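Heads up: the protein sequence lines correspond to chains A and B, in order. Residue numbers for the first sequence follow our numbering, beginning at 528 and rising by one. Residue numbers for the second sequence follow our numbering, beginning at 691 and rising by one. Don't be surprised by glycine CBs; every beta carbon is placed ideally from N, CA and C. Source: prediction; values computed, not measured. Here's the structure, in structure tokens; my notes come after.
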Amino acid sequence: MTSTEHGRSEIRIRGAKKSFSGRVVVDVDDLVLGDAAVEGLLGPNGAGKTTLMRMIMHSIPLDEGTVTLHKADGSTITLSELPAHQMMSHGVVKSTQVISDFDQLTILDSMLLAVAGSRHESPLRWSAEKELAAEYEDEIRHYLDYFGFTDPNAIAGSAGEKKLLDIVRCLLLKPEVLLLDEPTAGLPEDVTQNVMSVIRDLGEQGTSVVIVEHDLDVIWQLCDEVTFMAEGRVLMKSDPETIRGDSTVVEKYLGAGHG
Amino acid sequence: MLDWLDAFLISGFFGVLQIIGLGLLVHLQMGLSRVANFGVAGFWGLGLYVFGVLYIKVDWPFGDPFQFLICAFLATVASGLAGLLVAWLIADLDVDGALVGTLGFATVVLILATTQTELTGGATGLGGMRFPYDLGPAKTNEFVWVLITTVLVGAILLYVRWVHRSPYGRLLIAVGTNEPLARSLGKSTTRAKLTLFATTSALMGLLGAMQGVMFRFLNPATITINITLAALAGLILGGITRVWGAVVGVLFTVGLFDIVIQFYAPLPQEWFTQAIPVAREAVFGAALVLVLLFRPKGLLGEMKRPQLMRRIHDFN
């Protein structure tokens, strides 16, 4: 076992292909995600970014290829052989692109659900709720205050609140690799800044963060490295400045005159 | 001692208790984790028949109450294992598939009970069970059995109430409302469904064993879909997502017909043999249609999670 060079966990995608109705949506030959603290995944609509994220999480099975997790401690896990629910136990966590929530659960419920382990969720553990709340109270209070959830006992109402709650659930899982699919879409400016600040801190603390985002300011401000995809393939991977200046990227995605 | 108490009233009350118990367990399956179960009579009937056959056919080296306890335990385990197997088969099916799968299981149990004549007595039935105690007249024994069953159903109610206040209940709600999202949080939703079905089916089996003792007779006519329909109608009427939904709903349906109308309504005697049982099913069905049309969440309404969380936590 050899640890990764940068001391963070990274995901390696090799020969990964996915087609829908005969149309190739993702065809990635060799890609490493997580070799920079915060990495952006950029590309026009239909480039295959979200599908690739879902393939990593095995919520969409691969037609061909492998996805492996190389952990900071040197161990390797083949993610493409694991059921979706086991990703989290290996530290790989993803937020959802489409706004998704538990209809009946409150904001606090959602947070407690995220932090609960199987020992808390036994059908016969009588004092589990109190133990769980006591164990994670400080952490939950921190996120409630930081993101300005005014009533933790309410059910998340607006799309923005649900989006934010999705991110908080991911943060509470203490990921080693965090995949964020359009994390700031629909969020007000001040909350977007808070989310960006949390992402930056996570990256500095050793989590590998991969972001798919259409708000280019978020990508330019946050990312140490950017992978550019189009038509299911990786066309380029480099630092943000190089990506911004590349003629292919400008032509296919950014458009002439982009500053 | 119990001259004031009608023997039929005792059995009517026992029937209401049984349906409340089953309704509470179905609430955990369908109300929280939204796993459809149209085979309640199968799990309950399996418990009844495993208990009865073991109690009557096996030459136990010890008498009651140990004979009862062992047989009831084995009946509970048998239904629990059946629940585990059925849950494994239906775990990835949609609601329609789960309904058909569970109904199929109940049909298998009914067919086995009817056709395995040597073991079960078939359509003519099988007698020979006893109360695990003898306090004198049958009515006294039955009355005490109703009290014991009340304690059991009360315990199930307390368990359901606890589930709503526990991380386990939250997991079940998460599985029911957004299974892919629950999986992405690391929850093994299949294991949650298997555990849920195993425990609730086991308790259904125990209720079946209680039924065997009360009526001391195995009869396949008791394990038909009517049991499932009564539990479901009561639960949906009361409120499928509420702790007290099954209690309120079953009292308004089975309780109203099998106790209030049977014993207290001044109706002609001949109605009770033909007209009332038919009217009972018709009224249950009509009540269900009306509730689903005008109050789809049931009499008690929808789950009140914000209020519950405010009561049990202080995160404001």
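Can you grab the Cα-Cα spacing for the pair residue i / residue j, in whole Å?
i	j	result
D630 of chain A	M615 of chain A	22 angstroms
H533 of chain A	K598 of chain A	11 angstroms
P650 of chain A	G787 of chain B	26 angstroms
V613 of chain A	F795 of chain B	Here the sequence assigns Gln to residue 613 of chain A, which means Val is not the residue at that position. Rounded to whole angstroms, Q613 of chain A to F795 of chain B spans 31 angstroms at the Cα level.
G786 of chain A	T769 of chain A	In this prediction, G786 of chain A scores a pLDDT of 46, lower than 50, which makes its location untrustworthy; the coordinate-derived value is nonetheless stated afterwards. Going from the Cα of G786 of chain A to the Cα of T769 of chain A covers about 13 angstroms.
I863 of chain B	Q959 of chain B	47 angstroms
K621 of chain A	R873 of chain B	11 angstroms
K987 of chain B	V739 of chain A	40 angstroms
V555 of chain A	G759 of chain A	7 angstroms
T871 of chain B	I694 of chain A	Before going further, note that residue 871 of chain B is Leu rather than Thr in the sequence given. Whole-angstrom Cα-Cα distance: 12 angstroms.
P715 of chain A	F942 of chain B	50 angstroms
T797 of chain B	V790 of chain B	10 angstroms
L705 of chain A	D782 of chain B	28 angstroms
S637 of chain A	T807 of chain B	53 angstroms
V748 of chain B	L908 of chain B	15 angstroms
W778 of chain B	L886 of chain B	11 angstroms
L983 of chain B	S685 of chain A	28 angstroms
Which one of the options has the shortest CA to CA distance from residue i?
i	options	result
T766 of chain B	B:D749, B:V790, B:G791, B:Y739	B:Y739
G687 of chain A	A:A712, A:C697, A:L699	A:A712
R539 of chain A	A:L579, A:A574, A:A683	A:L579
L609 of chain A	B:V798, B:G876, B:V979	B:G876
D728 of chain A	A:V559, A:K779, A:K701	A:K701
D751 of chain A	A:D766, A:T677, A:V718	A:D766
A543 of chain A	A:E658, A:M723, A:D557	A:D557
T839 of chain B	B:S701, B:G753, B:Q997, B:W778	B:S701
L749 of chain A	A:S637, A:V559, A:R541, A:A564	A:A564
D742 of chain A	A:E656, A:M723, A:G644	A:M723
T931 of chain B	B:F984, B:R995, B:V973	B:R995
R535 of chain A	A:R771, A:T775, A:V619, A:V594	A:V619
W653 of chain A	B:L848, B:V706, B:R1000, B:L886	B:L848
G945 of chain B	B:T810, B:R820, B:L837, B:G928	B:G928
L933 of chain B	B:V979, B:L990, B:I966	For clarity, residue 933 of chain B is Val in the given sequence; the question names Leu instead. It is B:L990 whose Cα lies nearest to the Cα of V933 of chain B.
G866 of chain B	B:A882, B:G742, B:F907, B:G935	B:A882
Any idea which residues DSSP pairs residue i with across the strands?
i	result
I604 of chain A	A:L596
E566 of chain A	A:V737, A:E752
I540 of chain A	A:L558, A:V594
A817 of chain B	First, the amino acid is wrong: residue 817 of chain B is Gly here, not Ala. B:F907.
V704 of chain A	A:V619, A:S735
K545 of chain A	A:V553
A726 of chain B	According to DSSP, A726 of chain B bridges with nothing at all.
R760 of chain A	A:A757
S765 of chain A	A:V753
Spatial neighbours of residue i within its chain, please: CB distance less than 8 angstroms, with the 5 preceding and 5 following residues excluded, ordered by chain position.
i	result
A611 of chain A	M584, H585, S586
G975 of chain B	A923
T912 of chain B	G735, L738, Q901, F905
D696 of chain B	F953
V937 of chain B	I710, G713, L714, L847, G928
L707 of chain A	K621, S622, I694, C697, I726, V736, V737, I738, V739, E740
Keeping to the same chain, check which residues put their C-beta closer than 6 angstroms to that of residue i; ignore five residues upstream and five downstream.
i	result
S683 of chain A	The residue you asked about is not Ser; residue 683 of chain A is Ala in the sequence shown. Same-chain partners within the cutoff: D628, I634, K689, L692.
A921 of chain B	I709, L712, G713, V716, V730
F947 of chain B	R970
G733 of chain A	R535
Am I right that residue i and residue j are in contact with their C-beta atoms under 8 angstroms? What's the rounded C-beta distance?
i	j	result
V737 of chain A	L568 of chain A	6 angstroms
L639 of chain A	P857 of chain B	7 angstroms
G898 of chain B	G737 of chain B	3 angstroms
I1002 of chain B	E656 of chain A	7 angstroms
Residues in the same chain with beta-carbon distance under 7 angstroms from residue i, minus the five sequence neighbours each way, listed in chain order, please.
i	result
F733 of chain B	S769, A772, G773, S891, M894, G895
K779 of chain A	P571, A757
V813 of chain B	The amino acid occupying residue 813 of chain B in the given sequence is Ala; Val does not appear at that position. Same-chain partners within the cutoff: T804, P910.
Q687 of chain B	Chain B is shown from 691 up to 1006; residue 687 of chain B falls before or after that span and cannot be answered.
S546 of chain A	V552, D590
W835 of chain B	F821, V903, M904
For residue i and chain C, any beta-carbon pair shorter than 8 angstroms?
i	result
R696 of chain A	Reference to chain C is not applicable here, since the protein chains of this structure are A and B.
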